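Below is one structure, written out as C-alpha cells; the observations come after it.
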Amino acid sequence: MIRFMMAAAVGSLALAAGCQPQTQTQTQTQTQTQAQQHWALVVHGGAGVIERGAMTPEREAEYRAAMAAALARGEAVLQADGSALDAIEAVIHGMEDDPLFNSGRGAVFTAAGRNELDASIMDGATLEAGAVAGVTQVRHPISLARAVMDNSRHVMLQGEGAETFAREQGLEIVPPAFFFTERRWASMERALGALGLAIPDRPEGAPAPAEIDHGELDRDAREHRFGTVGVVALDRAGNIAAGTSTGGTTAKRWGRVGDSPIIGAGTYANNASCGVSATGTGEYFIRLTVASRICALVEFQGLDLQAASDQVIRDELSAMQGDGGIVALTPDGDIAWSFNTPGMYRARQSEGGEPVVAIYGDED
Ligand code: ASP
216 MIRFMMAAAV
226 GSLALAAGCQ
236 PQTQTQTQTQ
246 TQTQAQQHWA
256 LVVHGGAGVI
266 ERGAMTPERE
276 AEYRAAMAAA
286 LARGEAVLQA
296 DGSALDAIEA
306 VIHGMEDDPL
316 FNSGRGAVFT
326 AAGRNELDAS
336 IMDGATLEAG
346 AVAGVTQVRH
356 PISLARAVMD
366 NSRHVMLQGE
376 GAETFAREQG
386 LEIVPPAFFF
396 TERRWASMER
406 ALGALGLAIP
416 DRPEGAPAPA
426 EIDHGELDRD
436 AREHRFGTVG
446 VVALDRAGNI
456 AAGTSTGGTT
466 AKRWGRVGDS
476 PIIGAGTYAN
486 NASCGVSATG
496 TGEYFIRLTV
506 ASRICALVEF
516 QGLDLQAASD
526 QVIRDELSAM
536 QGDGGIVALT
546 PDGDIAWSFN
556 TPGMYRARQS
566 EGGEPVVAIY
576 GDED
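Just so you know, we're using the numbering used here here: the sequence shown kicks off at 216 and counts up by one.
Shown next as C-alpha cells:
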C-alpha cells in the first residue's frame with residue numbers, strides 16, 4: 216500500500232492540538248490528497264532463451280538502454296499526472312519504432328513475407344478495451360487499439376477494415392516496407408527453410424539485401440526471443456491500464472493471430488484486481504486466458520500478485536509446455552513479473568523509486 220498518508224497525519228495532529236475545526240475546502244483537499252496514489256509502471260520487451268554469455272555486451276547494453284528509455288517515457292507522463300492509458304501509448308510508441316523489438320518497425324515476418332501487427336489496450340477503471348489484428352500499414356498499432364476503444368462501438372478490428380478505420384481516425388499510415396528489417400527477414404528465411412517452405416519475394420520498397428551479422432541470427436534462432444512489448448501502468452488517480460503490441464511469431468501462416476490482441480489472454484486490466492501484459496507462444500496464452508486468470512486469482516482467491524503470476528506462468532503454463540512470461544501491477548502499486556523462459560527483457564519503476572532494468576533469470 217503506497218498511498219499518501221501525510222495529509223491524514225497532519226489533520227489528526229491539528230485536532231489533537233485543539234486547532235480550529237477544518238473548513239469544507241480543507242476537508243475536500245485532504246480527501247483528495249489522501250486518495251492520491253503513487254504512480255507505478257512495469258514494462259516487458261519479450262521473453263525467450265536469453266542467457267548470459269549468449270549475447271554480445273553491445274547488444275545487451277542496447278536492450279538495457281531501450282528498456283530504461285521506455286520507463287523514462289512512461290515516467291514523464293505519469294509524473295505530470297497523465298493517465299495510465301497515455302503512459303502506455305507513450306511507452307509503446309517508442310518501442311514500436313525501435314527495431315530491437317518485435318513490434319512496429321522490427322516486427323517479425325509472416326511466411327508470406329509480410330509484417331502483420333497485433334495490439335491491444337485495456338482500461339482497468341472502465342473495463343473498456345480496444346484491439347487490432349493483422350494490420351500492415353499503421354505505424355503505431357497501439358494507438359489504433361486505443362482509437363478502437365475510444366472511438367468505435369467495437370473491441371476488436373482486423374485487417375483491411377482496421378486500416379480503413381485507422382485512416383478515418385487520422386492515424387499515421389506508412390508503407391509496409393517501413394517495418395522491414397534485414398535481421399527479421401533473415402530469421403524468416405531461416406524458419407521457412409527449416410519448414411521446407413518457399414521464400415517469398417522481398418516486400419516492395421524494401422531496401423536492397425544487406426549483409427547481416429550471422430552470429431546474431433544464430434543467437435536469435437537459438438534463443439527463440441519473442442520481443443513483443445507490453446506495459447502495465449498505474450496513474451496517480453489510482454487507475455490501472457495495460458497494453459501489448461507485437462508482430463506475432465516468425466513465419467506465422469494463414470492469418471494467424473496470437474494472444475497479444477486478445478483481451479484476457481495477452482492483455483487485461485481491472486481496477487478490482489490487477490493489470491497484466493504477456494509475451495510468449497500465444498497459442499498457450501490464449502488457451503489458458505493467462506492475463507485475466509492471474510487477475511481472477513488475485514480478485515477471487517486473494518492471492519498476492521506474485522503468487523498468482525507464478526501459479527499461472529511457472530505452474531500452469533509450464534504444465535502445458537507453453538513458454539513466455541508476464542508483467543503485472545495492482546492498484547496498490549504491487550509489481551510482479553514471472554516467466555518460465557531463461558530470460559525476459561523487463562523493467563519497473565514506482566514513483567519516488569529508482570528504475571530497475573533486468574534481462575536474465577537470475578537478476579532481481
Ligand atoms: N505472444 C506473441 C504471439 O504469440 C508473441 C510474443 O510474445 O512475442 O503473437
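Backbone N, C-alpha and C define an ideal beta-carbon position, used for all residues, glycine too. These numbers come from a predicted model, not from an experiment.
Assigned secondary structure, residue i (DSSP; H/G/I helix, E/B strand, else coil)
i: Gln-373; result: strand
i: Thr-556; result: coil
i: Gln-245; result: Any reading at Gln-245 is ruled out, since the residue's pLDDT is 43, under 50, leaving its predicted position unreliable.
i: His-253; result: coil
i: Ile-303; result: helix
i: Thr-494; result: strand
i: Gly-473; result: coil
i: Gly-263; result: strand
i: Arg-288; result: helix
i: Gln-237; result: Because Gln-237 carries a pLDDT of 42, less than 50, the predicted location of this residue cannot be relied on, and the following value inherits that uncertainty. The answer is coil: DSSP assigns Gln-237 none of H, G, I, E or B.
i: Leu-449; result: strand
i: Gly-268; result: coil
i: Ala-480; result: coil
i: Val-505; result: helix
i: Thr-465; result: coil
i: Val-389; result: coil
i: Thr-379; result: helix
i: Ala-401; result: helix
i: Ala-283; result: helix
i: Asp-579; result: coil
i: Ala-573; result: strand
i: Arg-417; result: coil
i: Gln-564; result: strand
i: Gly-458; result: strand
The ligand ASP heavy atom lying under 7 Å from the CB of residue i
i: Gly-261; result: yes
i: Thr-482; result: no
i: Phe-515; result: no
i: Ser-402; result: no
i: Phe-554; result: no
i: Asn-317; result: yes
i: Thr-396; result: no
i: Ser-524; result: no
i: Phe-324; result: no
i: Asp-474; result: yes
i: Ala-495; result: Per the sequence shown, the amino acid found at residue 495 is Gly instead of Ala. Within the cutoff, so yes.
i: Gly-539; result: yes
i: Phe-500; result: yes
i: Thr-464; result: yes
i: Gly-558; result: no
i: Thr-443; result: yes
i: Gln-461; result: According to the sequence as given, residue 461 is Thr; it is not Gln. Within the cutoff, so yes.
Residue i versus the options, residue with shortest Cα-Cα distance
i: Met-282; options: Leu-332, Ile-528 and Val-446; result: Val-446
i: Leu-412; options: Gly-268, Pro-356, Glu-343 and Lys-467; result: Lys-467
i: Ala-340; options: Val-505, Ala-255, Ala-305 and Asn-454; result: Asn-454
i: Leu-300; options: Ser-335, Pro-557 and Ala-522; result: Ser-335
i: Asp-579; options: Gly-321, Arg-561, Gly-567 and Asp-530; result: Arg-561
i: Val-389; options: Met-364, Gly-376, Arg-398 and Thr-351; result: Thr-351
i: Gly-319; options: Ala-392, Ala-543 and Ala-362; result: Ala-392
i: Asp-333; options: Gly-537, Val-472, Gly-540 and Ala-255; result: Val-472
i: Pro-476; options: Ala-269, Glu-331 and Pro-570; result: Glu-331
i: Met-559; options: Ala-269, Gly-576, Glu-498 and Gly-548; result: Gly-576
i: Gly-497; options: Tyr-278, Glu-378, Asp-450 and Thr-443; result: Thr-443
i: Leu-386; options: Leu-359, Trp-400 and Ala-406; result: Leu-359
i: Ser-533; options: Asp-547, Tyr-499, Trp-552 and Gln-516; result: Tyr-499
Beta carbon of residue i nearer than 8 Å to that of residue j
i: Ala-493; j: Ile-303; result: no
i: Thr-482; j: Ala-511; result: no
i: Gly-328; j: Pro-418; result: yes
i: Phe-316; j: Gly-374; result: no
i: Gly-490; j: His-253; result: no
i: Leu-589; j: Ala-487; result: Residue 589 falls outside the range modelled here, since the chain spans only 216 to 579, and no answer is possible.
i: Arg-563; j: Leu-293; result: no
i: Ala-322; j: Phe-394; result: yes
i: Ile-574; j: Asn-555; result: no
i: Val-306; j: Arg-279; result: no
i: Ile-357; j: Arg-398; result: no
i: Met-337; j: Ala-344; result: yes
i: His-259; j: His-308; result: no
i: Pro-570; j: Leu-286; result: yes
i: Gly-495; j: Asp-530; result: no
* For the stretch 515-553, which segments carrying the alpha helix (DSSP H) assignment without a break, of at least 4 residues, lie completely within its bounds, in sequence order? -> 520-525
* Jot down the residue ranges of each uninterrupted beta strand (DSSP E) in the stretch 309-373, minimum 3 residues, whole runs only, in chain order. => 332-338, 343-350 and 371-373
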